[in-house]
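These notes concern the structure reproduced below.
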Amino acid sequence: MTPTNARRTAGFLPPLPGPAGRRCRWLLIGLLLLPPVTAVVGSMATTGVPGSLVFSDPATWLQPLGSLTGILALAWLLLALMLSIRLPGLDQPLGGMLGLWRVHHYLGAAALLSALLHPLFLLLASAPQGPGATLALLQPMPRAWPLWTGWLALGLMLLFLAPSFQFFGRPAYQRWKLLHLLAGPAALIALAHGIALARWLSPQQAIVTWGLLGSLAAVAFFWRKGLSPLLARRPFQIDRADVLANGVIELTLSPLRRTIEFTAGQFVYLTPDIPELEAGNREEHPYTISSAPAELPTIRIGIKSLGDASWALQSVAAGERVYLEGPYGRFLSDPAHRPQLWIGGGIGLTPFVSAARQLSHIQADCDITLIYCANDITRAYYLRELQHIAEAVDGLRVIPHFYLDQGYLNAAFLRQAAADLDKREAYVCGPVALIELTEELLTRLGTPRGAIHTEAFDLL
Ligand SMILES: Cc1cc2nc3c(=O)[nH]c(=O)nc-3n(C[C@H](O)[C@H](O)[C@H](O)COP(=O)(O)OP(=O)(O)OC[C@H]3O[C@@H](n4cnc5c(N)ncnc54)[C@H](O)[C@@H]3O)c2cc1C
Numbered sequence: 034m035t036p037t038n039a040r041r042t043a044g045f046l047p048p049l050p051g052p053a054g055r056r057c058r059w060l061l062i063g064l065l066l067l068p069p070v071t072a073v074v075g076s077m078a079t080t081g082v083p084g085s086l087v088f089s090d091p092a093t094w095l096q097p098l099g100s101l102t103g104i105l106a107l108a109w110l111l112l113a114l115m116l117s118i119r120l121p122g123l124d125q126p127l128g129g130m131l132g133l134w135r136v137h138h139y140l141g142a143a144a145l146l147s148a149l150l151h152p153l154f155l156l157l158a159s160a161p162q163g164p165g166a167t168l169a170l171l172q173p174m175p176r177a178w179p180l181w182t183g184w185l186a187l188g189l190m191l192l193f194l195a196p197s198f199q200f201f202g203r204p205a206y207q208r209w210k211l212l213h214l215l216a217g218p219a220a221l222i223a224l225a226h227g228i229a230l231a232r233w234l235s236p237q238q239a240i241v242t243w244g245l246l247g248s249l250a251a252v253a254f255f256w257r258k259g260l261s262p263l264l265a266r267r268p269f270q271i272d273r274a275d276v277l278a279n280g281v282i283e284l285t286l287s288p289l290r291r292t293i294e295f296t297a298g299q300f301v302y303l304t305p306d307i308p309e310l311e312a313g314n315r316e317e318h319p320y321t322i323s324s325a326p327a328e329l330p331t332i333r334i335g336i337k338s339l340g341d342a343s344w345a346l347q348s349v350a351a352g353e354r355v356y357l358e359g360p361y362g363r364f365l366s367d368p369a370h371r372p373q374l375w376i377g378g379g380i381g382l383t384p385f386v387s388a389a390r391q392l393s394h395i396q397a398d399c400d401i402t403l404i405y406c407a408n409d410i411t412r413a414y415y416l417r418e419l420q421h422i423a424e425a426v427d428g429l430r431v432i433p434h435f436y437l438d439q440g441y442l443n444a445a446f447l448r449q450a451a452a453d454l455d456k457r458e459a460y461v462c463g464p465v466a467l468i469e470l471t472e473e474l475l476t477r478l479g480t481p482r483g484a485i486h487t488e489a490f491d492l493l
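Sequential numbering of the sequence shown, starting at 34, is according to our numbering.
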């Protein structure tokens, strides 16, 4: 395949110009720099250039540093909230939902760190005025509500952000999600604190600035938690529930109203509406679509039992109802563009199954090597179908790798599977350990970092 005969392949997204990771990094840098630059420029515009900062005299810079960290904590918290809005398509420029979540996660970390430094600097700044001043900050008078709101917002932030950074080990996903709802009240209380104690802005300026940012964050929060479950979810009926292997099922769904247009490699949030379900009813979970876009309006989803909700879904039956929301993500791209290497492990095969099924419908030009990683043949539940498709699709090769027979994937195996690894776009999906191993092997074998795309089925 040469660039001249490369053409857009139906059902696949075109490649993004440049690696998505780099774009995420720039967005993150932009969002991290925006609040400090605005705060410093804004404060200089209103209170003048600070002329009295003397490095050797902490009293002159601890107080401004305290104010700045407070502004940063609030601004980054609000920006993280704005990014938590979930709208199909909005994640595309960043290379998908996982890229967007990464930026959201780092903004949360930056907000928490600043929120911890903020009182620390202010307490240190108050020390020269004697223990009374420090005590007043630590234990404000009952009527000093602007100070209380600061401590309360910090407490809430610690409560809902500590599990995200796994301070106390890996939390249960649903409990983590519930705790994360505290982001809303924390932001509201922090806004009241920020407006009441604004030092670098006049009260009117503080109300307008924080009010605007707060409103945008509130819209995102309200859409995500209030409106999107009502407006963005589409009802589907289960037509078939095929057992692929022990603990793995593939659902075939047909839309009760409008279907969801998607491209190979994208995922949806699935919410069962089955009151008899033993666990996870009305709980949304992300699943990659395993059917081809060419099969629309029907959608298929392969589900492995990895916890209580996905375990309960193993027993659903035809005629029952689920809701789908999406599509999200941007994992695979047009195979007509460049030779590709796909590496899938376990249920992480689903994006490649969707893409292979699509190729069998459209008969496009492609040069793809798929390495199918499973423990053994009994766990390679999509292998036979994929081998069948590869017999019909020119340019698609399927190579199984069985861990129990062959051990870990290694450089020799990869080199034998595809000699031209430096020229291939690589896509890896599966358990985190497999992703880390293949990233390291591929980089060693000459695949440029920017040509390695990974997706772990894990948002925490
Ligand atoms: C982008 C993406 C695509 C996925 N595609 C598939 C697929 O095609 N087939 C498949 O079987 N599984 C897929 N998963 C994984 C699937 O979402 C989890 O297995 C499922 O949510 C587990 O829920 P549980 O209650 O059964 O298990 P739990 O014990 O609650 O969770 C097990 C682990 O699954 C993850 N998880 C749980 N709930 C969520 C959630 N709402 N959002 C994100 N992660 C969660 C967490 O890492 C958690 O530790 C995908 C995940 C992601 C992020």
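C-beta: ideal position from N, C-alpha, C; glycine also.
To the nearest angstrom, report how far apart residue i and residue j are at their CA atoms.
i    : j    : result
R135 : L66  : 17 Å
R363 : Q299 : 6 Å
L140 : W109 : 6 Å
Y206 : E317 : 11 Å
S220 : S324 : Here the sequence assigns Ala to residue 220, which means Ser is not the residue at that position. Answer to the nearest angstrom: the Cα atoms are 41 Å apart.
L392 : V426 : 7 Å
P360 : V461 : 20 Å
H213 : R55  : 28 Å
P215 : L64  : A small correction: the amino acid at residue 215 is Leu; Pro does not occupy that position in the sequence shown. Answer to the nearest angstrom: the Cα atoms are 22 Å apart.
Y320 : I336 : 7 Å
A144 : F295 : 35 Å
I401 : L230 : 60 Å
S261 : A239 : 31 Å
R482 : W256 : 36 Å
Y414 : G381 : 12 Å
F20  : I118 : Within the shown structure, residues of the chain are numbered from 34 to 493, placing residue 20 beyond reach of any answer.
L194 : P161 : 33 Å
L157 : L475 : 50 Å
I228 : M115 : 19 Å
F441 : K210 : Per the sequence presented here, residue 441 reads as Tyr, with Phe not at that position. Approximately 34 Å, taken between the alpha carbons.
Q420 : Y405 : 10 Å
T242 : H226 : 14 Å
A297 : I376 : 15 Å
P179 : L95  : 20 Å
W233 : T71  : 11 Å
R290 : Q439 : 47 Å
P173 : P91  : 24 Å
P69  : T292 : 44 Å
Below 8 Å CB to CB, which residues in the same chain sit around residue i once its five sequence neighbours on both sides are set aside?
i    : result
V73  : L101
A327 : A43, G44, R390, Q391, H394, I395
I222 : T182, L185, A186, L189
R208 : P196
I307 : N314, V349, E353, R354, V355
A177 : A169
E472 : V461, I485, T487
Q373 : C399, D400, I401, T402, R457, E458, A459, Y460
D455 : L478, G479, T480, P481
I271 : L284, T285, L286, V349, A350, A351, G352, E353, R354, V355
L277 : E283, G335, Y414, Y415
D453 : P372
L60  : L127, V136
R412 : A278, G379
I410 : L416, P433, F435
L249 : L111, M115
Can you check whether the C-beta of residue i is within less than 8 Å of a C-beta belonging to chain B?
i    : result
R333 : Given the protein chain composition of this structure (a single chain), no chain B is represented.
Apart from the five residues just before and just after residue i, which ones in its own chain have a Cβ nearer than 7 Å to its Cβ?
i    : result
L98  : F154
A451 : L374, T402, R457
A106 : A144, S147, A148, H151
P48  : S366, D367, H370
Leaving out five residues before and five after residue i in sequence, what residues of the same chain have Cβ atoms less than 6 Å from its Cβ?
i    : result
P126 : none
E424 : none
I468 : V461, T487, A489
G247 : L224
Is it the case that the CB of residue i approaches a heavy atom of ligand 3 more closely than 7 Å?
i    : result
G463 : Summarising the ligand content, the structure contains ligand 1 and does not contain ligand 3.
Just checking, does the segment 189-208 make contact with the segment 142-161 on the three C-beta pairs under 8 Å criterion? yes
Inter-stretch contact (C-beta, 8 Å, three-pair minimum) for the segment 383-397 and the segment 345-352: no
At which residue ranges does the segment 396-450 contain complete alpha helix (DSSP H) runs of 4 or more residues, listed in the order of the chain? 416-425, 436-439, 444-450
For the segment 325-339 against the segment 291-311, are there 3 or more C-beta pairs whose distance is under 8 Å? yes
Taking contact to mean at least 3 C-beta pairs separated by less than 8 Å, is the segment 333-347 in contact with the segment 422-437? no
Would the segment 394-408 and the segment 367-379 be scored as touching if the rule is three or more Cβ pairs under 8 Å? yes
Is the segment 485-492 close to the segment 447-464, with three or more CB pairs under 8 Å? yes
Counting beta carbon pairs with one atom in the segment 305-317 and one in the segment 279-286, are three or more of them shorter than 8 Å? no
What runs of the beta strand (DSSP E), each 3 residues or longer, lie entirely inside the segment 332-371? 332-337, 354-361
Counting only runs that start and end within the segment 128-196, where is the alpha helix (DSSP H) found for 4 or more residues in a row? 130-159, 164-171, 178-194
Threshold first: 4 residues or longer. Then list the alpha helix (DSSP H) segments lying entirely within the segment 443-487, N to C. 444-450, 465-477
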